[in-house]
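Under UniProt numbering, the first residue of the sequence shown is numbered 1, with each subsequent residue one higher.
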Amino acid sequence: MKTEESAYHLQRLRVFSGRLPRPAHEADYETWHSGVDLLLKDPSVSELQRSRRIVESLLPPAADMLKHLSSDTPPTVYLNILDSAYGTVQDGEELFAKFMDTFQDAGEKPSSYLQRLQVALNLALKRGGVLAKDVNRHLISQFCRGCWDNTLIAELQLKQKKLVPPSFSELLLLLRTEEDREAAKTSRMRQYLGSNKQKVVNHAQLASVDTGDGGAVAALTKLTQQLAEQLADVQRQLAKLTSTTTQPRTTSQPKVTYSKQSVKGVNTVTSKQPPPVHVKPGYCFRCGENGHIKPQCNNEPNPALVARKRKQFAQRQQNVFQKKLN
Numbered sequence: 001m002k003t004e005e006s007a008y009h010l011q012r013l014r015v016f017s018g019r020l021p022r023p024a025h026e027a028d029y030e031t032w033h034s035g036v037d038l039l040l041k042d043p044s045v046s047e048l049q050r051s052r053r054i055v056e057s058l059l060p061p062a063a064d065m066l067k068h069l070s071s072d073t074p075p076t077v078y079l080n081i082l083d084s085a086y087g088t089v090q091d092g093e094e095l096f097a098k099f100m101d102t103f104q105d106a107g108e109k110p111s112s113y114l115q116r117l118q119v120a121l122n123l124a125l126k127r128g129g130v131l132a133k134d135v136n137r138h139l140i141s142q143f144c145r146g147c148w149d150n151t152l153i154a155e156l157q158l159k160q161k162k163l164v165p166p167s168f169s170e171l172l173l174l175l176r177t178e179e180d181r182e183a184a185k186t187s188r189m190r191q192y193l194g195s196n197k198q199k200v201v202n203h204a205q206l207a208s209v210d211t212g213d214g215g216a217v218a219a220l221t222k223l224t225q226q227l228a229e230q231l232a233d234v235q236r237q238l239a240k241l242t243s244t245t246t247q248p249r250t251t252s253q254p255k256v257t258y259s260k261q262s263v264k265g266v267n268t269v270t271s272k273q274p275p276p277v278h279v280k281p282g283y284c285f286r287c288g289e290n291g292h293i294k295p296q297c298n299n300e301p302n303p304a305l306v307a308r309k310r311k312q313f314a315q316r317q318q319n320v321f322q323k324k325l326n
């Protein structure tokens, strides 16, 4: 009794309802139909048991389409009704054209692309769009045509295998083996390059940092040093600018005024503190050009021009000072 019950559960079909969008736990119609095909080919299962298992695997709305049938209805009648509602309506030629228009998607593995081709080719085969003896040849030809990884095709010499094409299982095993080999090589390469990058950075500072984060820490350290240097340079420029702008007020010469007083017939000279002379340099202390100051300068240093402008500025200050005296 247990043997019959276990065999019954092993032969149960996956659930199909025909609802859209398809629920995650349900099979699509083609997958469900493939399970029914295996059930129909099992000689140990009677017609009544086949019909019973088909009905048990269906949920509404698909199950509602078969409620009017009697319990002794052959399973082929069930399938004909379901095929008319959920089966593909394309003929073999259209399905084969769809197979020929199937290409590898972005980011899709070659092995996954081959499996999609196999499903599309099987649909065309069921509808008579391709002969069974030509299945392997069409499969490898379309794979070489639609796969964008030319290196893989050349490495496995797939174009040379078209004359004696491998089966789907053999070709799938070749692709998965090559994919695993490439994945292992990529992992070794990343591990090796990552370890070399870690040797370059300061081991004392990065002793507890993982290899993958070494580049980010080094970049952050370099950026911090650059910001510190720029800040120090700005502070030096501000200090020079402050000392230069305040110097004329502290070093300005006292204005000398002459007053006529008759002291034994000699004119005497009296002096008092003149108002400060405000004259702006008007040039950059870095490049010597007019119109900007040193903290805003992006030009190359020009000491000769700066010295010449400083001399001209001193002469201009002297002229203004003389005018004040007069």
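We put the CB at the ideal spot given by N, CA and C, even for glycine.
Since the model is a prediction, treat every value here as computed from it, not as a measurement.
Please list the terminal residues of the continuous alpha helix (DSSP H) segment that includes residue i.
i      : result
Ala62  : Element bounds for Ala62: n/a, residue is neither H nor E.
Ser111 : Pro110 to Lys126
Lys41  : Tyr29 to Lys41
Lys98  : Gly92 to Met100
Asp83  : Pro75 to Tyr86
Is the separation between the beta-carbon of residue i and that of residue j shorter than 8 angstroms?
i      : j      : result
Ile54  : Pro75  : yes
Lys294 : Leu220 : no
Phe99  : Ala124 : yes
Lys309 : Gly288 : yes
Leu39  : Arg50  : yes
Pro165 : Arg145 : no
Leu95  : Arg52  : no
Leu173 : Phe143 : no
Val15  : His25  : yes
Ala62  : Leu82  : yes
Ser111 : Glu170 : no
Leu114 : Leu158 : no
Roughly how many angstroms lie between the CA atoms of residue i and residue j, to the nearest whole one?
i           : j      : result
Leu13       : Arg188 : 44 angstroms
Gly129      : Ile140 : 17 angstroms
Val209      : Ala218 : Note that Val209 scores a pLDDT of 47, beneath 50, so its modelled location is shaky; the value from the coordinates is reported in the next line. Whole-angstrom Cα-Cα distance: 11 angstroms.
Val306      : Lys280 : 15 angstroms
Asp28       : Thr177 : 29 angstroms
Leu58       : Gly18  : 9 angstroms
Arg184      : Gly194 : Checking the sequence, you will find Ala at residue 184 rather than Arg. Using only the alpha carbons, I get a separation of about 15 angstroms.
Asn298      : Arg236 : 16 angstroms
Gln225      : Pro303 : 28 angstroms
residue 339 : Trp148 : Beyond the ends of the chain as shown, which are 1 and 326, falls residue 339; an answer cannot be given.
Phe321      : Lys222 : 51 angstroms
Leu325      : Asp233 : 40 angstroms
Glu56       : Ile153 : 46 angstroms
Val266      : Gln318 : With a pLDDT of 43 at Val266, under the threshold of 50, the modelled position of that residue is not reliable, and no figure is offered here.
Asn122      : Phe168 : 11 angstroms
Val89       : Thr31  : 16 angstroms
Asp42       : Tyr192 : 55 angstroms
Ala85       : Leu79  : 10 angstroms
Val119      : Val135 : 12 angstroms
Pro21       : Thr102 : 23 angstroms
Arg316      : Cys284 : 16 angstroms
Ala228      : Glu155 : 53 angstroms
For the ligand COA, is there a heavy atom less than 7 angstroms away from the beta-carbon of residue i?
i     : result
Leu40 : The ligand COA is not part of this structure, which contains no ligands at all.
Taking 8 angstroms as the cut-off, does the segment 62-72 touch the segment 94-110 (at least 3 CB pairs, one atom from each stretch)? Under the three-pair Cβ rule at 8 angstroms, the segment 94-110 does not count as touching the segment 62-72.
Would you mind listing the alpha helix (DSSP H) stretches within the segment 131-162 that are 4+ residues and don't spill past its ends, in chain order? Here the runs fully enclosed are 135-146 and 150-156.
Can you list the beta strand (DSSP E) stretches of 3 or more residues lying completely in the UniProt domain "CCHC-type" (284-297), in chain order? Counting whole runs of 3 or more residues, the UniProt domain "CCHC-type" (284-297) contains no beta strand (DSSP E) stretch at all.
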